[in-house]
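Taken in order, these protein sequences are the chains called C and L.
Here the UniProt record's numbering is used: position 267 in the first sequence is 267, and no number is missing along the way.
Here the UniProt record's numbering is used: position 165 in the second sequence is 165, and no number is missing along the way.
Here the structure is laid out as structure tokens; the discussion comes afterwards.
Number of protein chains: 2
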Amino acid sequence: MTISDEFHVYDTTLRDGAQQEGLALSVADKIAIAQYLDELGVGFIEGGWPGAVPKDTEFFERAKTELHLRNATFAAFGATCKPGTTAADDPQVAALRESGADVVTLVAKSHDAHVERALRTSLDENLRMITDTVSHLRANGQRVFLDTEHFFDGYRANRAYALEVVRAAAAAGADVVALCDTNGGTLPRELQEIVRDVLESTGARLGIHCHNDAGCAVANSIAAVEAGVTHVQGTVNGYGERTGNADLLAIVANLELKRGLQLLPPGNLAESFRTAHAIAEVTNVPPSARQPYVGVSAFAHKAGLHASAIKVDPDLYQHTDPGLVGNDMRMLVSEMAGRASIELKGRELGFDLGNDRELVSRVADRVKEMEARGYTFEAADASFELLLTEEVEGKRPCYFDVESWRVITESRADGEAVSESTVKLVAGGEREIVTGEGNGPVNALDHALRVAIERAYPVVNKFDLVDYKVRILDQGHGTDAVIRVLIETADGEGSWVTVGVGHNIVEASWEALVDGFTFGLLRHKEVVR
Amino acid sequence: MTISDEFHVYDTTLRDGAQQEGLALSVADKIAIAQYLDELGVGFIEGGWPGAVPKDTEFFERAKTELHLRNATFAAFGATCKPGTTAADDPQVAALRESGADVVTLVAKSHDAHVERALRTSLDENLRMITDTVSHLRANGQRVFLDTEHFFDGYRANRAYALEVVRAAAAAGADVVALCDTNGGTLPRELQEIVRDVLESTGARLGIHCHNDAGCAVANSIAAVEAGVTHVQGTVNGYGERTGNADLLAIVANLELKRGLQLLPPGNLAESFRTAHAIAEVTNVPPSARQPYVGVSAFAHKAGLHASAIKVDPDLYQHTDPGLVGNDMRMLVSEMAGRASIELKGRELGFDLGNDRELVSRVADRVKEMEARGYTFEAADASFELLLTEEVEGKRPCYFDVESWRVITESRADGEAVSESTVKLVAGGEREIVTGEGNGPVNALDHALRVAIERAYPVVNKFDLVDYKVRILDQGHGTDAVIRVLIETADGEGSWVTVGVGHNIVEASWEALVDGFTFGLLRHKEVVR
């Protein structure tokens, strides 16, 4: 599959994205992410700054033998040579030359104040640095792109100089000059006007690199493309410093689905969802559920009001077919839950409730009653499925009989607290009394419960409590408040969420925990022992 | 302070924002949020849908006596009357009439396919419903705005009809016709072209209501304003279904700071940060750190690279002065506390730290270190004051010596759980061993601790634990997560908030509890017995 050179989808997740507060990618992480990006079919993967960032130097070295890109071109990022040095003598430029990357993307100052106050050199010397470094790397056989840092602010401060920088870079052999809105504060109208002027005045092939400080990174990137840019930079999940870089997958989806451009290899847009989430697993930054296109809530609809209409024609309520980006439509069971949404939700979970109006009404009533008491089923599909199963089959799935549970938390001499839980239950015909410890009451209950039922149901060893959310529902009632707990359990193949409610936070947690295990056993089609 | 009617900043956090998956606002929550919005100075607060959503009906009723708005106008949202009914006979329209709101914002279909397939009526009848409902409410003395649902899709499907809807609404007396990009899929260029056409063809006063499905909600709203719209709808923190509504504070900040418009009362933009975070505390949805303008990372710079440059001239690296929206610049090697803010805060609490630079630095360092571990002092003044007192006087106020504590929670035969706590401490020279019961572990600890120290300090009988907040700080780490607890204690004259942090929720609660009592005793100028 050859990626067209006509339009560049240029990913900087591993370089600019990696600047995000709290992100610390290992070399192994970078290799994994690069493979995902390559599978998706972006044109360029900017791997980092070899020679300046030690981990990146290592990454580029290992990439030579460990990274196998089938589609994307690997790019190294770095700076123009230092003032007063030649490119040939600059060790950081040498690192770029020897990086093994086919493309080098150089960042250069294009804002006169930055040249004078940050670099502390002259405007002419800056131009010299650009020309020297670009032609040096070109002579080395590498392809060169140039990022003009703080371009839009620079253009507004000194248009003539900013244009000079673009011309110098292009003349020296930079294939693309990417205009960077480094502080992220330019609005689309102004940005587009500037891009048009630069294109007209220099004739260079232009790129765009936006940040989201004004909440307009995606729109800015699209506006730039409208003005003639043919190279877009961004990051997956909008990773990046401060408010992040432009969300590359949102830009690509917008341009493909709404402007008819073919940017990724045909069919690959449908890999967006999987790619975004796979990369999020590696970065360990939970993706925003509300992210455009690839967020798990991006196509989640509060039913009730228009559930019947959505069944008829999803296009009436969705701006695009979620399948085109690998996502799904979801109905949210909620306070607005009406019969139609219960039916739809049931169908989504594999139940055909269409013919049993009385059953659907009963379920709807139970949902409303429980929600009035504080339960939420929107975020707890597994609890809803247990409820549905109970109504459909006449009894709730029950794999073990709990006799009693208790948990004690106490201070220790060293100041740390420890929790210990004892659970008594009957599973698989045997009575179990298990004590578990943990760094908190719920952790301790989880350990005890798990051990208590694993003899009868060994599959629970795959279950992992991966997320725990607590919410005080009626704030302002001190400790009399109703508390809602959500627990997410995973088994290596997927995960599910259960809910518990009560005045006692431990009891509410216990409820969610028991349902979490019960649902897991149901999911694995366990037979009650 | 009178809000100008020239440009409407219209907040729908409580109505459209409340549709966000997982958000379930109580009436008390809505009242609290409305007060924050009013303090910020938005022009309109859309409170909900009385008559259709039971909780909203209750909210509007209670708002009549409990909600005191000094700036904003309160608006009720609802639908045009049903097909085949008159507005006068429609019970939901009656609810809007009797809502007590000065403004009613009606939603009407403007997309022919929606009229025919969702409403299942004729295009003419839909126009009749609009005209009837708008004039009915106008006759009742209410101001009417009209939201044209799915407008941009409707315009593209049947331009003539969409324009008819706008004209009918305006002719019947709707002061503003807000064009809604309900599916959120329109891009800025197309949206702006359409807005221009509608303005030119109808002459109506237009509003804009965008969603973020294409990642362009803020840009779309600004593009609409450029085209002549004078009424912008959005939500705080971009709350809303699917990918959310347009982020109202980002739009307002962009228009004020970059286009020179005055939308909020002068000076109020600086309350954006505080407002956004205060509202997030109520919704209990952790705000995104990377949110434009008000995210805690929005102006957080990876130091090292340009630390010295930023000190010289922050404008080189920031698109705006963070103080203008109430935010702060942060260097990422440290958290938010700077010397200046410690001094100010100290002064606010009655300490004069101005002359002791070393003390201030020490306090700043402790705050930063503790905040890195999860503490927050912004919401816990009493804990900060204890820290300050400790640094100023050389030791932390200590009224009793805790030897040990424990709490046990266990299931009971009737299904309810009960908690019991035993606390051992020395107070007033006597060793106390007290056991207390409660409906939860913290409740039980509170009872035991209180009884244990009341002999030495009878004043604690006035103290009441009135609010308890829990927050999992690093979601996605199961029960290993760090937990932060805030406890508010009141004594009949006022109240104070203390914070506790730890892996164990009970331990974190204990820390906040002990500090709550300690601060109370300090506040009452108790002498250590």
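For glycine and all other residues, C-beta sits at the position ideal for the given N, C-alpha and C.
This one's a predicted model, so the numbers in the text were calculated from it and none came from an experiment.
**Prompt:** For proline 188(L) and chain C, any beta-carbon pair shorter than 7 angstroms?
**Reply:** yes
**Request:** Tell whether a beta-carbon distance below 7 angstroms holds between glutamate 511(C) and valine 497(C).
**Result:** no
**Prompt:** Rounded to whole angstroms, how far is the Cβ of leucine 263(L) from the Cβ of phenylalanine 44(L), which I believe are closer than 8 angstroms?
**Reply:** With a Cβ gap of about 12 angstroms, leucine 263(L) and phenylalanine 44(L) do not count as contacting.
**Message:** Check whether the segment 466 to 473 of chain C and the segment 370 to 386 of chain L touch, using three or more Cβ-Cβ pairs below 8 angstroms as the test.
**Reply:** no
**Item:** Residues of its chain near arginine 412(L), where Cβ-Cβ distance is below 7 angstroms and the 5 sequence neighbours each way are ignored
**Value:** Answer for arginine 412(L): Val418, listed in chain order.
**Request:** Report the neighbours of glutamine 291(C) on chain L: residues whose CB is nearer than 8 angstroms to its CB, in chain order.
**Result:** Thr243, listed in chain order.
**Prompt:** So is phenylalanine 517(L) buried or exposed if we call it buried at 16+ other beta carbons inside 10 Å?
**Reply:** buried
**Item:** Contacting residues, own chain, Cβ-Cβ under 7 angstroms from glycine 326(C) (five flanking each side not counted)
**Value:** Ala270, Glu271, Ser272, Phe273, Arg274
**Item:** chain L contact for isoleucine 453(C) (CB, 7 angstroms cutoff)
**Value:** Not closer than 7 angstroms to any Cβ of chain L, the Cβ of isoleucine 453(C) fails to qualify, so no.
**Message:** What does the alpha-carbon distance come out to for the pair valine 360(L) and tyrosine 293(L)?
**Reply:** 28 angstroms
**Prompt:** Are the Cβ atoms of leucine 123(C) and valine 134(C) separated by less than 7 angstroms?
**Reply:** no
**Asked** Which value, in whole angstroms, describes the spacing of the CA atoms of valine 296(L) and arginine 290(L)?
**Response** 7 angstroms
**Asked** Hey, isoleucine 408(L) and isoleucine 408(C): beta-carbon distance below 7 angstroms or not?
**Response** yes
**Message:** Given this structure, state the Cα-to-Cα distance separating glycine 502(C) from glycine 415(L), to the nearest angstrom.
**Reply:** 11 angstroms
**Prompt:** Name the chain C residues that come within less than 8 angstroms of valine 506(L), Cβ to Cβ?
**Reply:** Going along chain C in sequence order, the residues near valine 506(L) (Cβ under 8 angstroms) are Thr409, Ala417, Ser419, Gly440, Pro441.
**Item:** lysine 64(L) at chain C interface by Cβ criterion, 7 angstroms
**Value:** no
**Message:** If I follow the unbroken alpha helix (DSSP H) through histidine 447(L), where does it start and stop?
**Reply:** 441 to 454
**Message:** Could you compute how far the alpha carbon of tyrosine 161(C) sits from the alpha carbon of leucine 137(L)?
**Reply:** Taking the straight line joining both Cα atoms gives about 60 angstroms.
**Message:** Within a Cβ cutoff of 7 angstroms, which residues of the same chain sit near alanine 113(L), ignoring the five residues on either side of it in sequence?
**Reply:** Ala157
**Where aspartate 313(C) meets chain L, residues with beta-carbon distance less than 8 angstroms** = Ala113, Arg117
**Item:** Other residues of its chain near threonine 73(L): CB distance less than 6 angstroms, five sequence neighbours each side excluded
**Value:** Phe44, Asp102, Val103
**Prompt:** Hey, out of Val144(C), Ser201(C), Val426(C), whose CA is closest to alanine 178(C)'s CA?
**Reply:** Val144(C)
**Request:** Please report the residue range of the beta strand (DSSP E) in which histidine 209(C) lies.
**Result:** 206 to 210
**Message:** Starting from arginine 471(C), trace the alpha helix (DSSP H) in both directions and tell me its first and last residue.
**Reply:** No alpha helix (DSSP H) holds arginine 471(C); the beta strand (DSSP E) holding it covers 464 to 472.
**Message:** Excluding the 5 residues flanking leucine 67(L) on each side, which residues of the same chain have their C-beta closer than 6 angstroms to its C-beta?
**Reply:** Ile31, Ala34
**Asked** Which one or two residues does DSSP pair with arginine 484(C) in a beta bridge?
**Response** Paired residues: Arg471(C), Val501(C).
**Prompt:** Name the chain L residues whose beta carbon is nearer than 9 angstroms to that of valine 272(C)?
**Reply:** Residue identity check: residue 272(C) is serine in the sequence provided, not valine. Within chain L, no residue comes near serine 272(C); the closest Cβ sits about 13 angstroms away, beyond 9 angstroms.
**Request:** For chain C, find out if any of its Cβ atoms is closer than 7 angstroms to the Cβ of alanine 303(L); answer yes or no.
**Result:** Caution applies to alanine 303(L), whose pLDDT of 46 falls short of 50 and renders its modelled position unreliable; the value that the coordinates give is listed next. False, the Cβ-Cβ gap to chain C never drops below 7 angstroms.
**C-beta contact flag for isoleucine 208(C) and alanine 169(C) at 7 angstroms** = No Cβ-Cβ contact shorter than 7 angstroms links isoleucine 208(C) with alanine 169(C).
**Request:** Provide the residue(s) that pair with threonine 489(L) in DSSP beta bridges, ordered along the chain.
**Result:** Leu465(L), Trp496(L)
**Request:** Taking the CB atoms as reference points, tell me whether leucine 69(C) and aspartate 38(C) lie closer together than 7 angstroms.
**Result:** yes
**chain C contact residues for isoleucine 222(L), given Cβ-Cβ distances below 7 angstroms** = Residues of chain C passing the Cβ test: Leu187.
**Prompt:** So, is aspartate 90(C) buried or exposed, given that buried needs 16 or more other C-beta atoms within 10 angstroms?
**Reply:** buried
**Message:** Going by DSSP in three states, lysine 258(C) sits in which element: helix, strand or coil?
**Reply:** helix
**Message:** Which residues of the segment 252 to 269 of chain L have a Cβ closer than 7 angstroms to any Cβ of chain C? Give them in chain order.
**Reply:** Asn254, Lys258
**Item:** Run of the alpha helix (DSSP H) containing glycine 154(C), from where it starts to where it stops
**Value:** 151 to 157
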